[in-house]
Amino acid sequence: MASISTKIGNFSLENPVILASGILDETSGSILRALKSGAGAAVTKSIGMQERKGYPTPVISEIKTGLLNAVGLANPGIDNFVDEYKNFPEKKRTIVSIFGGSVEDFVTLARKVEGAGFDKVELNLSCPHVSGVGSEVGEDLEMVEEIISSIKTKTNLQVWAKLTPNVTDIVALAKASEKADAYVLINTLRAIGVEIYSRKFSLSNVVGGYSGPGIKPVALRAVYDVYKETGKDIVGVGGITTWEDAIEFFLLGARAVQVGTALLYEDYPIYNKISRGIEGYLDSEGFSKLGDIVGVMSGNAALQSH
Amino acid sequence: MASISTKIGNFSLENPVILASGILDETSGSILRALKSGAGAAVTKSIGMQERKGYPTPVISEIKTGLLNAVGLANPGIDNFVDEYKNFPEKKRTIVSIFGGSVEDFVTLARKVEGAGFDKVELNLSCPHVSGVGSEVGEDLEMVEEIISSIKTKTNLQVWAKLTPNVTDIVALAKASEKADAYVLINTLRAIGVEIYSRKFSLSNVVGGYSGPGIKPVALRAVYDVYKETGKDIVGVGGITTWEDAIEFFLLGARAVQVGTALLYEDYPIYNKISRGIEGYLDSEGFSKLGDIVGVMSGNAALQSH
Amino acid sequence: MQHSRVIDIVKENKDVFTLRFDSNLDASPGQFLMIWSPGGKEIPMSLSSTSNPTTITFRTFGETTKTISLLKTGDRFYYRGPYGNSYPKPTGKVAYIAGGTGLASLNAMLLKYQGDVYVGARTKEDLFLLRDGYKITTDDGSAGNKGTVIDLFLPHANEYDYVFVCGPEQMVKNLIDRVDKKTRAKIYISLERLMKCGIGICDSCSINGIRVCKDGTIFSMDEVLKMSEFGLYKRNEAGKIELFVNGKR
Amino acid sequence: MQHSRVIDIVKENKDVFTLRFDSNLDASPGQFLMIWSPGGKEIPMSLSSTSNPTTITFRTFGETTKTISLLKTGDRFYYRGPYGNSYPKPTGKVAYIAGGTGLASLNAMLLKYQGDVYVGARTKEDLFLLRDGYKITTDDGSAGNKGTVIDLFLPHANEYDYVFVCGPEQMVKNLIDRVDKKTRAKIYISLERLMKCGIGICDSCSINGIRVCKDGTIFSMDEVLKMSEFGLYKRNEAGKIELFVNGKR
Ligand SMILES: Cc1cc2nc3c(=O)[nH]c(=O)nc-3n(C[C@H](O)[C@H](O)[C@H](O)COP(=O)(O)OP(=O)(O)OC[C@H]3O[C@@H](n4cnc5c(N)ncnc54)[C@H](O)[C@@H]3O)c2cc1C
Ligand SMILES: Cc1cc2nc3c(=O)[nH]c(=O)nc-3n(C[C@H](O)[C@H](O)[C@H](O)COP(=O)(O)OP(=O)(O)OC[C@H]3O[C@@H](n4cnc5c(N)ncnc54)[C@H](O)[C@@H]3O)c2cc1C
Ligand SMILES: Cc1cc2nc3c(=O)[nH]c(=O)nc-3n(C[C@H](O)[C@H](O)[C@H](O)COP(=O)(O)O)c2cc1C
Ligand SMILES: Cc1cc2nc3c(=O)[nH]c(=O)nc-3n(C[C@H](O)[C@H](O)[C@H](O)COP(=O)(O)O)c2cc1C
Ligand code: FES
Ligand code: FES
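Residue numbers (the numbering used here), protein chains in the order written: chain A, 400 to 705; chain B, 400 to 705; chain C, 406 to 654; chain D, 406 to 654.
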């Protein structure tokens, strides 16, 4: 049986299928359930400095090609988060997603995350529907650079930078995030949903993030562009619902994938389904390990060794 | 029966459903067929200065949520185009799409189009997969401004500016295109397709444009953003496959829509299907004309009068 | 988002309404909808009848329920769903235990499967959807027995094969703390938590990693007993843990 | 993109090959695939047998057909389709008129419906897929009659109820120019044009607004007679009009 273990920065995972931030990861109980159901790791819902209720419902809208959401970064705030996770048994397999409006916010959050016994953060530089944070920060190249280098200097955390696809040049964003240990590509696309009979927007916030099958071609392009230019470790995310989708991301350079919206279609069994599918593909195509296919379509072999 | 006639700039259309550029419009015979099948107007495939073969096949790839294409702006060149359309009977309902690499190119093309007896051009400032033209020009705000003002000064053409969604700020693009008579929103999303068994790209050009149902939420967002900021005439395009989709665009501010990829699913009857659907909606919702619903969700009533 | 036309709205008591709408929903008793007041919020609401015409029965708490209660015959009624699992099919002797608007959800079962109905409310005016033979308790004794519906029910627990429960979390907690865990009755409980998505992806309704909206809303008593958070605390809209008044962490 | 495994490749003559592949395609005679040489081009190719094992029969013109001809048993064979319409079901007396590789497409019909087969080729070495009784012409007389297949066929046109034609555009043009338009034979012609998409959206195969790939590839003679461009000019990859050697605009 081919090995599907992988490594992102210094983090070794037994399997490369990770729960994406914001889907079924607001509570510690659900994070554990995802890990028990076969996720190789899990990212928490994005945590900020203060408790935030998020937007009023409707915060999600199912469409033919995926999902629109504007949950609005609802989260209990970092202190309540730390409190809830005091005796949490899976800190090493959990990546804490954080968001903030300034370098100081991010550093404070990162320090608290480290203090709580976690060793990895994912920086949400990309939420498309909350002003003053997320992609509004993530589009400011200098600030991104400073956030990441500050966290890297002031903590020992592994840092994953989650980038927004809603830009002209995602490679420039990636380069500004160069000090991160890995890139997470991509967050949702900025989008709108309309209800034609009520003539109201589908989401209370009007603008939301688009996820699910419909965004996969855009996510693949982001992974391809960034891998070719940087050769860095990449976690692919966006529209993965089958193991075949995951393989596409690996071939372009991703070393792991995150799965979010697909939980809506297949629920918790999806982790094992995708993992078993990847194994099956490697076996039948004659590869002994996942690393053998990472980036093979991006012609960047020199950068593939790990 | 409610009226579905509309007006874009000074162009009055009996019905607001237009054939999008690049789909079944390379030959004059097909343009006629679209118009006879019920399209309110038709945009030609984008025409450049020289004959261009486009990319080798594969140039299209069907995916679950739409279509990837990198046809590569294949076109006979403006002179052959003018030749073919000498005795064309539907010049007033045909908008000639043009692309170029410089202001001079665009002006030359526009003049030849006008000389050939057409009165409307659509500027392809947005093709995502050919270098030196399309979105590479379309992302250069100063050049866009100059192209449009030059054409407006040197010809009497109505100018439609077709913008790319692959940018951080489409409103800035729209503002640079302010002198155009209308915006066409959106062209395809930059995207990639992967074949996992051959480990090759789905398109010979690697990167292609993504169209069809999967891009509709992004197109709606672009229409919303641009209409709110400019109140200008907008032709909505991107993922429209049903009359309900078209209504969504109207409610956000589009005065007409273009339909491309949906021809793949429904073929020529789609024009009448969408037109009849719009009529039915207006009737049953108690509106007497299309204009009554244009932009009603974008809260920009002052700008709606025409 | 789907929509149907309102057939009519019946006022059941001072603040409880039953809205009948014309739909061809394929729903089972126990399932719920996310109902929407356009331009306003979307909220979860159990079906109080799952056959056509379908109904919901609700108390007007805030904005949304008030707006919905003002709909008129022929108006559009927006919703998505049905979501959640449904009550299992009972055999033998059946009891229903309802607290507050919990009777709405149980009513859909009652239309299909007869049984003894135990209803608890604060006062006489809070009662609704009553039928002959219902065993009633009120906190103030203004109707039926004075006391809690659990007090009324518990002595009879062992008489039943199936027991279906829907009501406030503290009422349910009271029941499962006190009932004989070895009772022959199969007890099924419909839980209620803050719900944002209703389709199992936002995690706002989860109790110990179990989603009320998708894994439930109906659980066997054994499942509920395993939820260490149940009856002790819930989460607010920020996902923050909030203790119940008499809960401890 | 789908793929199947190659069962085997048979060399029919110096440059024509038949590739058998294992598929459960639901295809009808006359339909075609877009076949793909990974990393190379995608080209249209008729099915020369539509029952399992499915086959294609092709002449090696360029890069792609050469690459495909080098596939080995067990290799993957990539394609999408089937696309296009199919030949109508014939009754009565049937004739087939094949020019060049046009016999490939007609072969799928011949496996289902017998008939007289008229085959034209440049020389003896260009012939393939022959069976007893085929009426053969070659340009140089190296096999069968010397002359064109149309010359051979025309005197017999009125003997047939159905005639199916597939071959070079000039051959077809020759036929429809000369055949008695009042013949009782129902004549169906499979056309061939440059194809990029194969699914009716790129317009590269269109003749007078009729798409060979989607509206065809098979048309009745009446439909072809209405195509003013037919036999006069075709379009290159740029969509530019190019006159046939002896065509005029
Ligand atoms: C699965 C499920 C099924 C439900 N079925 C029904 C039903 O059949 N009938 C019915 O009447 N209700 C039902 N509810 C409860 C219903 O969803 C809430 O009453 C509703 O969300 C209130 O919305 P609102 O906008 O009117 O009030 P809001 O404006 O949201 O709230 C107004 C006030 O009421 C309080 N409030 C809101 N909900 C509750 C509650 N559940 N209990 C006590 N106080 C509350 C709020 O804290 C606030 O102070 C159900 C809930 C769930 C999760
Ligand atoms: C619907 C349809 C069905 C077809 N079915 C068959 C079939 O069953 N068997 C078969 O052998 N072919 C068939 N063809 C033709 C086949 O698609 C071409 O031969 C093929 O595209 C050549 O590809 P290539 O990459 O090998 O050659 P290329 O590299 O594209 O071309 C090599 C050279 O051959 C010339 N050439 C290419 N195609 C043709 C042609 N059709 N006629 C004359 N010269 C040509 C080119 O101009 C070039 O000079 C069919 C075509 C269509 C449209
Ligand atoms: C309901 C929902 C909430 C999300 N919340 C967050 C979030 O808090 N932080 C974040 O970085 N990404 C968030 N995302 C984005 C996902 O992590 C992921 O990048 C995106 O959904 C694309 O992946 P998918 O198609 O597999 O869902 C959210 C997505 C959804 C659908
Ligand atoms: C095969 C294909 C070719 C296209 N060619 C062009 C083109 O030449 N010029 C242009 O402006 N847009 C071109 N487009 C973009 C369409 O006009 C349209 O903006 C896009 O497809 C979104 O609309 P749809 O989802 O209805 O197809 C092309 C799209 C497709 C699918
Ligand atoms: S309401 Fe979102 S998971 Fe239950
Ligand atoms: S090959 Fe594209 S339309 Fe026929």
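We put the beta carbon where it would ideally sit given N, CA and C, even for glycine. All of these numbers come straight from a predicted model, not from anything done at the bench.
Secondary structure at residue i, three-state DSSP: helix, strand or coil?
i, result
"L651 of chain A", "helix"
"I403 of chain A", "coil"
"A701 of chain B", "Because the pLDDT of A701 of chain B is 40, which lies under 50, any placement of that residue in the model is unreliable, and the number read from its coordinates should be weighed accordingly. The answer is helix: DSSP assigns A701 of chain B an H, G or I state."
"I585 of chain B", "coil"
"K653 of chain C", "Per-residue confidence for K653 of chain C stands at a pLDDT of 44, beneath the threshold of 50, marking its modelled position as unreliable; the derived number appears in the next sentence. If DSSP states are grouped into helix, strand and coil, K653 of chain C belongs with coil."
"N479 of chain B", "helix"
"L476 of chain C", "coil"
"H408 of chain C", "strand"
"E468 of chain D", "helix"
"K578 of chain D", "helix"
"L466 of chain A", "strand"
"S674 of chain B", "helix"
"V568 of chain D", "strand"
"M626 of chain D", "helix"
Closest to residue i by CA distance: which of the options is it?
i, options, result
"K578 of chain B", "B:L584, B:Q557 and B:I591", "B:Q557"
"S549 of chain A", "A:E483, A:L522 and A:G453", "A:L522"
"D521 of chain C", "C:I414, C:F533 and C:I502", "C:I502"
"M600 of chain C", "C:D531, C:T462, C:I615 and C:P449", "C:P449"
"K406 of chain B", "B:I646, B:R654 and B:P668", "B:R654"
"G444 of chain C", "A:E544, A:V634 and A:S597", "A:S597"
"E564 of chain C", "C:K587, C:I412, C:K419 and C:L596", "C:K587"
"K599 of chain A", "C:S433, C:K446 and C:R410", "C:K446"
"S595 of chain D", "D:D420, D:G435 and D:D413", "D:G435"
"A500 of chain C", "C:H561, C:E468 and C:G603", "C:H561"
"I469 of chain D", "D:W441, D:Y488, D:S453 and D:I646", "Strictly speaking, residue 469 of chain D in this sequence is Thr, with Ile absent from that position. The option with the nearest alpha carbon to T469 of chain D is D:W441."
"G500 of chain B", "B:I477, B:G611 and B:G447", "B:G447"
"N661 of chain B", "B:R675, B:W642 and B:I646", "At residue 661 of chain B the sequence reads Ala, which differs from the Asn that was named. Ranking the options by Cα distance to A661 of chain B, first place goes to B:W642."
"L424 of chain C", "C:R616, C:G605 and C:K416", "C:K416"
"L663 of chain B", "B:G421, B:N409 and B:S411", "B:G421"
"K419 of chain D", "D:S474, D:T496, D:G546 and D:M406", "D:S474"
"Y484 of chain C", "C:F426, C:N457 and C:D620", "C:F426"
Listing by chain order, which chain D residues have their CB less than 8 Å from the CB of residue i?
i, result
"D580 of chain B", "Within 8 Å Cβ-Cβ: nothing; D580 of chain B doesn't reach chain D, min ~27 Å."
"E425 of chain B", "C607, D608, S609, S611, R640 and G644"
Along chain A, in chain order, which residues have C-beta atoms closer than 8 Å to that of residue i?
i, result
"I595 of chain B", "E643, I646, E647, L650 and Y680"
"V566 of chain B", "V566 and T567"
Might you give, ordered along the chain, the residues of its own chain that have their beta carbon closer than 7 Å to the beta carbon of residue i, omitting 5 neighbours on each side?
i, result
"L650 of chain B", "I692, V695 and M696"
"A473 of chain A", "R451, K452 and G453"
Tell me which same chain residues have a C-beta within less than 6 Å of the C-beta of residue i, skipping the five on either side of it?
i, result
"T563 of chain B", "S525, S534, G537 and N586"
"K682 of chain A", "In the sequence under discussion, the amino acid at residue 682 of chain A is Asp, which differs from the Lys named in the question. Counting only Cβ-Cβ distances below 6 Å, and skipping sequence neighbours, we find A401."
"K386 of chain D", "Past the edges of chain D, shown from 406 to 654, lies residue 386 of chain D, and the structure says nothing about it."
"V495 of chain B", "T443, V512, F517 and V520"
Using the beta-carbon of each residue, which ones in chain B are nearer than 8 Å to residue i?
i, result
"A401 of chain A", "Ordered by position in chain B, no residue passes the 8 Å Cβ test against A401 of chain A, which lies about 15 Å from the chain."
List, in order along the chain, the chain C residues whose C-beta lies closer than 7 Å to that of residue i?
i, result
"E483 of chain A", "I646"
Looking only at its chain, what residues have a beta carbon closer than 8 Å to the beta carbon of residue i, apart from the 5 residues adjacent to it on each side?
i, result
"S609 of chain C", "R598, L599, M600, K601, C602, R640, E642 and G644"
"G572 of chain C", "I502, A503, G504, G505, G507, G525 and V554"
Which chain B residues sit within Cβ distance under 9 Å of residue i?
i, result
"R481 of chain D", "Y596 and S597"
Please list, in chain order, the chain A residues whose beta carbon lies closer than 7 Å to that of residue i.
i, result
"G698 of chain B", "The contacting residues do not exist; G698 of chain B stays about 10 Å from chain A at best."
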